[in-house]
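**Student:** Heads up: the sequence lines are chains A and B, in that order.
Residue 104 in this note's numbering is what sits at position 104 of the first sequence, and the numbering runs on without skipping anything.
Residues are numbered in this note's numbering as their position in the second sequence, beginning at 1, plus a constant of 1000.
Dropping the structure in here first, questions after.
Protein chains: 2
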Amino acid sequence: MSWNIDFRDKRPLYEQLVSAIEGDIISGVLSPDEMLPSVRSLATDLSINPNTIQKAYRQLEIEGYTYSVPGRGSFVKNSEGVRDMKKKEILQDLMDLVKKAKELGITDSEMIDVIKEEGKK
Amino acid sequence: MSWNIDFRDKRPLYEQLVSAIEGDIISGVLSPDEMLPSVRSLATDLSINPNTIQKAYRQLEIEGYTYSVPGRGSFVKNSEGVRDMKKKEILQDLMDLVKKAKELGITDSEMIDVIKEEGKK
DNA sequence: CCAACCGTACTATGTTGGATAGTACAGTTA
DNA sequence: TAACTGTACTATCCAACATAGTACGGTTGG
Chain A
1 MSWNIDFRDK RPLYEQLVSA IEGDIISGVL SPDEMLPSVR SLATDLSINP NTIQKAYRQL
61 EIEGYTYSVP GRGSFVKNSE GVRDMKKKEI LQDLMDLVKK AKELGITDSE MIDVIKEEGK
121 K
Chain B
1001 MSWNIDFRDK RPLYEQLVSA IEGDIISGVL SPDEMLPSVR SLATDLSINP NTIQKAYRQL
1061 EIEGYTYSVP GRGSFVKNSE GVRDMKKKEI LQDLMDLVKK AKELGITDSE MIDVIKEEGK
1121 K
């Protein structure tokens, strides 16, 4: 739950946060209806400004990963669609990458090896 | 040779240029020792500032894609290693993406289908 | 030789996005 | 009621990006 924020990273802090939290939602580390840390407490934990946290939380809500209740908190959304949505995104990314790879002369079997090898540890 | 620059894109212009030129070098559209457009002429063509072009050219040289000769021009480097280097980058990207995909429950065969399907048009 | 190119190196300026700081308000809850 | 929660502002600072303008030295063809 203590997400990794890299101040030297080129990416904006709020964007790093969004990615990290999305990842935990998708992978199931965060359960549906589970409450996220409050804007203020997470800001203190990570030593960044509450406004930055709020920006990340707003983004998460816009993208459909969470819902917020004023006075109560922000919670993980129980949406079946999120996983499928993300799955399609990943497959699109894969298509783009495969296209690039083929332009570079990487063969199908080279890529298939990578797939079969990944996660065999 | 007339590279695509999108002013509405979030990415910096110089970065878009670097990517576009790198792509043409790797794919062989630009041959070794071929001269790139001059800083000033390309700036005029693309309607952007010469300094922005120079920044892109400097970046290309730092990354080992080109070499520059004051008074003569900027040229495509004849380095065999560039292609292999890029190939390794792509394979690393593929590994990362496959890892994400598996976390999402995407199966090997789903990904292999994408690979075999891409480029069959 | 020299005009017209080439890359390169500055300074100055304006804009934008990211992040911070501070304040305020309304809803919730023990 | 006190202490939380999300939310909404405004103001300010800073870095990156892009532009504008000027200048210097190397190269080359006429």
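Where a beta carbon is used, it is the ideal one built from N, C-alpha and C, also for glycine.
Computed from a predicted structure; not experimentally measured.
1) DSSP on residue 47/A, reduced to helix/strand/coil?
2) Please return the same chain residues whose Cβ sits closer than 6 Å to the Cβ of residue 1032/B, not counting the five positions on each side in sequence.
3) Would you kindly work out how many angstroms separate the C-alpha atoms of residue 1080/B and residue 106/A, rounded to a whole number?
4) Which same chain residues end up closer than 8 Å to residue 34/A when comparing Cβ atoms and leaving out the 5 residues on each side of it in sequence?
5) Rounded to the nearest angstrom, what separates residue 1068/B and residue 1057/B at their Cα positions?
6) Of all the residues that make up the region 1095-1114 of chain B, which are near chain A by a beta-carbon distance shorter than 7 Å?
7) So, for residue 48/A: in the same chain, excluding its five sequence neighbours on each side, which residues have a beta-carbon less than 8 Å away from its beta-carbon?
8) Helix, strand or coil: how does DSSP classify residue 1038/B here?
9) State the start and end residues of the unbroken alpha helix (DSSP H) segment that holds residue 19/A.
10) Under a CB-based cut-off of 8 Å, is residue 118/A close to chain B?
11) Can you tell me whether residue 86/A is buried or exposed, with buried defined as 16 or more other CB within 10 angstroms of its CB?
12) To the nearest angstrom, how far is it from the Cα of residue 88/A to the Cα of residue 115/A?
13) Mind pulling the chain A residues with CB within less than 9 Å of residue 1025/B?
14) Going by the CB atoms, is the gap between residue 1094/B and residue 97/A shorter than 8 Å?
15) Which of helix, strand or coil does DSSP assign to residue 1073/B?
**Tutor:** Per the coordinate set shown:
1) Within the first sequence, residue 47/A is the residue found at index 47, counting from 1. Reduced to three states, the DSSP call for residue 47/A is coil.
2) If you number the second sequence from 1, residue 1032/B lands on position 32. Excluding residues within five positions, the ones whose Cβ falls inside 6 Å are 1076 and 1078.
3) As a working note, residue 1080/B is residue 80 in the second sequence. As a working note, residue 106/A is residue 106 in the first sequence. Taking the straight line joining both Cα atoms gives about 16 Å.
4) If you number the first sequence from 1, residue 34/A lands on position 34. 75 and 76, listed in sequence order.
5) Translated into positions along the second sequence, residue 1068/B becomes position 68. Translated into positions along the second sequence, residue 1057/B becomes position 57. Rounded to whole angstroms, residue 1068/B to residue 1057/B spans 8 Å at the Cα level.
6) 1095, 1097, 1098, 1099, 1100, 1101, 1102, 1103, 1104, 1106, 1108, 1111, 1112 and 1114
7) Here residue 48/A is taken as the residue at index 48 of the first sequence, counted from 1. 5 and 13.
8) Taking the first residue of the second sequence as position 1, residue 1038/B is located at position 38. Coil at residue 1038/B, not helix or strand.
9) On the first sequence, residue 19/A is found 19 positions in, with the first residue counted as 1. Here the alpha helix (DSSP H) through residue 19/A covers 13-27.
10) Indexing the first sequence from 1 puts residue 118/A at position 118. Yes - at least one Cβ of chain B is within 8 Å of the one on residue 118/A.
11) As a working note, residue 86/A is residue 86 in the first sequence. So residue 86/A counts as buried.
12) One-based indexing of the first sequence puts residue 88/A at position 88. One-based indexing of the first sequence puts residue 115/A at position 115. Those two C-alpha atoms are separated by around 18 Å.
13) Here the question's residue 1025/B lines up with position 25 in the second sequence. Those do not exist, as residue 1025/B stays about 12 Å from chain A at its closest Cβ, beyond 9 Å.
14) The residue given as residue 97/A occupies position 97 in the first sequence. The residue given as residue 1094/B occupies position 94 in the second sequence. Yes, these two residues count as a Cβ contact at 8 Å.
15) Your numbering for residue 1073/B matches position 73 in the second sequence. If DSSP states are grouped into helix, strand and coil, residue 1073/B belongs with the strands.
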